[in-house]
Each structure stands twice: as structure tokens, then as C-alpha cells.
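Input: a single structure, listed below in C-alpha cells.
Protein chains: 2
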Amino acid sequence: MSAKLPSSVQTLIDAFNRLPGIGSKMASRLTFHLLRQSDYDVNRFISALDGIRHGLRDCSRCGNIAEAELCAICQDSSRDNRQICVVEGPLDVIALEKTGAYQGVYHVLGGALSPIDGIGPDQLRIRLLQARLDELLEEDGEKSVELILATNPSLEGEATATYLQQLFDPLAAAGKVTVSRIARGLPMGSDLEYADPTTLLRALEGRKSLPPNS
Amino acid sequence: MSAKLPSSVQTLIDAFNRLPGIGSKMASRLTFHLLRQSDYDVNRFISALDGIRHGLRDCSRCGNIAEAELCAICQDSSRDNRQICVVEGPLDVIALEKTGAYQGVYHVLGGALSPIDGIGPDQLRIRLLQARLDELLEEDGEKSVELILATNPSLEGEATATYLQQLFDPLAAAGKVTVSRIARGLPMGSDLEYADPTTLLRALEGRKSLPPNS
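Structure representation (C-alpha cells):
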């Protein structure tokens, strides 16, 4: 079948097909969509791809994607740099920023602990987080730093959160750092009937008392 | 939120987001996937896109995508050029070729009749199909030509099939052309209970008698 397509068309289908979440039918559809587009549109796509090859780096403070030494969030002096939300990747930063409610900063680990994939603490930005905390506490030892563990509610994410909690336990015991974990529970719009037992267990554990009206 | 991302990253997210079937979350995921790839992989994607900008054309006989005057299927002398399957687009050719069962050739209309979108017979490759039939009948007037109408089972596709059936009715009445329409019915693996009434009606209309065993 593939021998019937011009090689340049098959090459682009293959290129799309290599991207995560794009199957062969979707790859064909995207390719034929671009074939119908003007040269201008295809060129725009090419230069967009070209754009990410240069000038991008990891923020030296938090590991988020950046154009300069520091990312836009770390550069923003209006954000509370003593409230640090620890996430696995830059996509998590985007998701949390969309809530519009968080005014602290982030620390992007670059993944989660996964011994089976050879990812231990040294493969993540954990030393950088320790150094960052030390620096903040040196700056002002009286004011505590808040650490919000927002790794994914997956096996690896939970393990990473537990590891970090234990790592910073001495600092927490000394009252220098407060550590919290984002709530696990039923997502909005979901159905209790279809929730898995672990999610329901977390939802029960995380229940909040409602104060009486009036 | 978007102001927080480097502009080159946002530009690529937007470029992916403009493609059909790719939402903003998927576009972010694809972009960050490519950010983690090597320069080699990104370059390979860029050159794949670059490849489709040149050297591609429509087959002058059937309208399928081609690298030369004729597409690979029209060039293939082992295919029966008196059996023509009429489809809306080149993706339909790929789908039919995947069955591995069809040994005829194709005619790619370039869409379906849709007056609301300003697509009439002149916007499709219908005159080319007429000229093609005339030429085949001139070559050998004794042997009839088979026309398989394989436009989509949608409103537009059905209208196009009806239009073509009426257009070639004189040739069919003269026994020069046999016109057929691909079967509409229940797809394999589907559930009768969930089928829509039109599909069920077509399935009933298209029923085949089963000869008695032995």
C-alpha cells in the first residue's frame, strides 16, 4: 500500500506517526491536510519548528522552559518565591497557571522517580531544590518556605512525593519548611459510581468538615 | 498563561493547534515532546515537511496524488483500467488499497457535491471522468466499463453518487457502462442495538440471500 504513495508524502506521514498519540490514520489526515494548504502555511509550520531549535533552555532556578537564564515566572517579582510548587514537567506548570489562582513559583523536577526506568533522585532536579531551599532559608531564616508537592497521582508521582516529604522532614520538623500534597479526590463532573476504589479512598481521607450554616 | 511561555514554544503550539483534530492540550504535548527530542529528530521532521512542498501534483488521469504525470496506480499496467472506483479524496484510495482486494483503478473527485459550500459538478473532477470514459469506450467499444461509486455514505457523498448515476444513465442504458454503489450496512464488530436507523435500513435493503447448505 505504502509503495503507492509518493515517497515525500509517506515520509511526512511517518514523521507525524512518530509523535506521541498520533496513529497512522491521523498521520495520513494531517499530511493530506497540509498538502492542501498553501506554501505560506507549510512554511509557517516549518519556521515554527525551526524556532524551537535555538534559544531555549531550562531555567537555572526552577528547571521550567526559559528563553533566558531565568524563566518568565522566576523573573516575575510579583510572585511569592517562598511558595514553591513541585511538579514533574513544564506541561504541569501550564496546567496550574491556567487555574489563575497560584501566585507562588515552581520547581520542575523533570520527571518522577522510576527505578525500573533508571530514574533515581540524581536524575531529577532534587539537589537543585535542596540548594534553592537552603538559599531561601539563608536569606531569611525566620520566615518558613512552603513546599506544595504537585507530582502526578500515579505510582511514580506518589513515590516521588513521599521521597521528597521524607527528604525535607528534618526541615519541616524544625519549622523551617511546611510541606503539603495537592488533594486527590473525585474530579469535577465525574460520577462517584464509576470512580476507582483508590480515588474514592483518597476522597474519603481528604474529606473536609463543613461548618454549620449561620 | 501563554505570556509565561517562550514565544517560540507558543508559536509551535499554535501551529499544531491549527491542524485538524489537534486541540490545545495535544498541541502542547506534541510541542514539549519535540522540545525533548534531539536536533536530528526535529530536523528530520522539518525536512519531511519541506519535502511535500515540491514535486507533488495531481495525476492527470485520475486526480490522485502523484510524483509524475500519472500516479503510481495509473502507471501500474497490471491493474484493470476498465474498472474505475470513484472516490472523494486520496485518503479514500489509501483506505481501499489497504483491503488488498481491489485490482482496478481510481477516479479521485476532489470532494463531494455541496451546494451550500459552493461545490457543484464543475468544482469536482467530473468532466475528466466523462472524458476518461469516452476515451476507454473509443479504445474498445465492445467491452463495457465498470464504475464503482465509492463516495462517502454522507449526505454529500450520497448526492454525488446519485448525480453520477444519473449522469451516466444513458451510457448504462446502452450497456456500455455498468454502475454500482458500494454497500452500506452494519460495520464489522458493531452492535445492531446501537446502529442508527438509516444504517439499519440500508443493511436490510442490501440483504443477501444465503444459498441452502449442501
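For the protein sequence lines, the chains are A and B, in the order given. According to the working numbering, the residues represented by the first sequence are 4 to 217, in order. According to the working numbering, the residues represented by the second sequence are 4 to 217, in order. Glycine included, C-beta positions come from ideal geometry on N, C-alpha and C. Small disclaimer: the values here were computed from a predicted structure and weren't measured.
Asked, Found
"State the start and end residues of the unbroken alpha helix (DSSP H) segment that holds residue 143 of chain B.", "Counting along the chain, residue 143 of chain B falls outside any alpha helix (DSSP H), and DSSP gives it neither H nor E."
"Kindly confirm or deny that the stretch 63 to 80 of chain B and the stretch 13 to 32 of chain B touch, where touching means at least three C-beta pairs closer than 8 Å.", "no"
"Please identify the residue among A:117, A:106 and A:63 whose C-alpha is closest to the C-alpha of residue 81 of chain A.", "A:106"
"What are the boundary residues of the alpha helix (DSSP H) that includes residue 36 of chain B?", "27 to 39"
"Over the uninterrupted alpha helix (DSSP H) stretch that includes residue 201 of chain B, give me the two end residues.", "200 to 208"
"Please state whether DSSP places residue 149 of chain B in a helix, a strand or coil.", "strand"
"Would residue 65 of chain B pass as a contact of residue 72 of chain B if the rule is Cβ separation under 9 Å?", "no"
"On a CA-only basis, which of A:160, A:22 and A:95 is nearest residue 118 of chain A? Give me that one, please.", "A:160"
"Cβ of residue 46 of chain B less than 9 Å from any chain A Cβ?", "yes"
"Name, in chain order, the residues that DSSP records as bridge partners for residue 109 of chain B.", "B:88"
"Does residue 64 of chain B get closer than 9 Å to chain A when you measure Cβ to Cβ?", "no"
"Compute the Euclidean distance between the alpha carbons of residue 121 of chain B and residue 199 of chain A, then round it to the nearest angstrom.", "51 Å"
"Going by DSSP, name the residue or residues bridged to residue 60 of chain B.", "B:69"
"Indicate whether at least one CB of chain B lies closer than 9 Å to the CB of residue 14 of chain A.", "yes"
"Determine the direct distance from the alpha carbon of residue 35 of chain B to that of residue 12 of chain B, and round the result to whole angstroms.", "8 Å"
"So if I threshold CB-CB distances at 9 Å, which residues from the stretch 26 to 42 of chain A count as touching chain B?", "28, 29, 31, 32, 33, 34, 35, 36, 37, 38 and 42"
"Alpha carbon to alpha carbon, how far is residue 95 of chain B from residue 101 of chain B? Give it in angstroms, no decimals.", "10 Å"
"Let me know if residue 178 of chain B comes out buried or exposed under the rule of 16 or more other beta-carbons within 10 Å of its beta-carbon.", "exposed"
"To the nearest angstrom, how far is it from the Cα of residue 304 of chain B to the Cα of residue 210 of chain A?", "Nothing can be reported for residue 304 of chain B: it is not among the residues displayed for chain B, which extend from 4 to 217."
"Does any CB atom of chain A fall closer than 9 Å to the CB of residue 22 of chain B?", "yes"
"In the structure shown, what three-state DSSP assignment does residue 135 of chain A receive?", "helix"
"Provide the residue span of the alpha helix (DSSP H) that contains residue 154 of chain A, from first to last.", "Premise fails: residue 154 of chain A is in no alpha helix (DSSP H) and is neither H nor E."
"Assuming the contact rule is C-beta atoms closer than 8 Å, residue 218 of chain A and residue 87 of chain A should be a hit. Round their C-beta distance to whole Å, please.", "Missing from the structure shown is residue 218 of chain A; chain A here goes from 4 to 217 and no further."
"What residues from chain B crowd round residue 58 of chain A, counting only those whose CB sits closer than 9 Å?", "9 and 11"
"Work out the CA separation of residue 115 of chain B and residue 4 of chain B for me, nearest whole Å.", "Since pLDDT at residue 4 of chain B reaches only 44, below the 50 mark, its modelled position is unreliable, and no value is offered."
"To which residues does DSSP link residue 181 of chain A through a beta bridge?", "A:149"
"Taking the Cβ atom as the reference point for each residue, do residue 42 of chain B and residue 51 of chain A lie within a distance shorter than 9 Å?", "no"
"Use the C-beta contact count for residue 91 of chain A: other C-beta atoms within 10 angstroms, 16 or more gives buried, fewer gives exposed.", "buried"
"If residue 136 of chain A and residue 180 of chain A are in contact, beta carbons under 8 Å, what's the gap, nearest whole angstrom?", "7 Å"
"Quick check: residue 67 of chain A and residue 139 of chain A, are their CB atoms within less than 9 Å of each other?", "no"
"What residues of chain B sit near residue 54 of chain A, judged by a beta carbon separation below 7 Å?", "11, 14 and 15"
"Quick test of your reading: residue 59 of chain B and residue 195 of chain A, contact by CB under 8 Å. State the CB separation rounded to the nearest angstrom.", "Not a contact, Cβ separation roughly 54 Å."
"Going straight from the alpha carbon of residue 40 of chain B to that of residue 130 of chain B, what length do you get?", "48 Å"
"Residue 152 of chain B and residue 167 of chain B look like a contact to me (Cβ under 8 Å); what is the Cβ gap, rounded to whole Å?", "6 Å"
"Can you name, in chain order, every residue of its own chain whose Cβ lies under 6 Å from the Cβ of residue 128 of chain B, other than the five neighbours on each side?", "66, 112 and 113"
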